[in-house]
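Colleague:
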Amino acid sequence: MAKLLITDDAAFMRMTLKKMVTDAGYEVAGEAENGQQAVDLYHEHRPDLVTMDITMPEMNGIEALEKIKHIDPEAKVIMCSAMGQQSMVVDAIQKGAIDFIVKPFDSLRIKEAIEKALSR
Numbered sequence: 605m606a607k608l609l610i611t612d613d614a615a616f617m618r619m620t621l622k623k624m625v626t627d628a629g630y631e632v633a634g635e636a637e638n639g640q641q642a643v644d645l646y647h648e649h650r651p652d653l654v655t656m657d658i659t660m661p662e663m664n665g666i667e668a669l670e671k672i673k674h675i676d677p678e679a680k681v682i683m684c685s686a687m688g689q690q691s692m693v694v695d696a697i698q699k700g701a702i703d704f705i706v707k708p709f710d711s712l713r714i715k716e717a718i719e720k721a722l723s724r
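Right, here's the structure in full:
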């Protein structure tokens, strides 16, 4: 069973995503509320996949993506963003993100993105 790390500064978003992920049959290895926590938890748990919010305090999702890719060049990261962050999404893809999901989350799109990312 694939393990995921969910990263979002909004507790409600983490809770929503966690439910969708577990309903789809995946395990949540950890939850981070900022980029620095995500990097630390990635280092500790080595999850199969990370969902990463872009806009967060302390360290944003793009910086965290770069640090995680530095730890593990094979890391699989899906960026999550609100509408209107297209330039940041392009930046994230260029820096190694596999996919991106637009908020508000759609459970089918989440499942599809996870399956696609894990099959790479």
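Per the numbering used here, the sequence shown starts with residue 605, numbered consecutively.
Cβ atoms here follow ideal geometry from the backbone N, Cα and C, with glycine treated the same way.
Fair warning: this is a prediction, and the values are worked out from it, not measured in the lab.
D627 to H674, Cα distance in whole Å?
Modeller: So the alpha carbons of these two residues sit roughly 31 Å apart.
Colleague: Short check: CB of K699 to CB of C684, under 9 Å?
Modeller: No, the pair does not count as a contact, with Cβ atoms beyond the cut-off.
Colleague: Suppose contacts are defined by Cβ-Cβ distances below 9 Å. Is T611 in contact with G639 by that definition?
Modeller: In contact: T611 and G639 (Cβ atoms closer than 9 Å).
Colleague: Following the continuous beta strand (DSSP E) through S723, name the residue where it begins and the one where it ends.
Modeller: Note, S723: premise wrong, no beta strand (DSSP E); not H, not E.
Colleague: Relative to the C-alpha of D657, which candidate in E716, M692 and K607 has its C-alpha closest?
Modeller: Comparing Cα positions, the closest option is M692.
Colleague: Quick one: what does DSSP say G700 is sitting in, helix, strand or coil?
Modeller: In this structure, G700 counts as coil in the three-state DSSP scheme.
Colleague: P651 and K715 - do their beta-carbons sit closer together than 9 Å?
Modeller: The answer is no: Cβ separation not under 9 Å.
Colleague: Taking buried to mean at least 16 other C-beta atoms within 10 Å of its own C-beta, is F704 buried or exposed?
Modeller: By the neighbour-count rule (16 or more Cβ atoms within 10 Å), F704 is buried.
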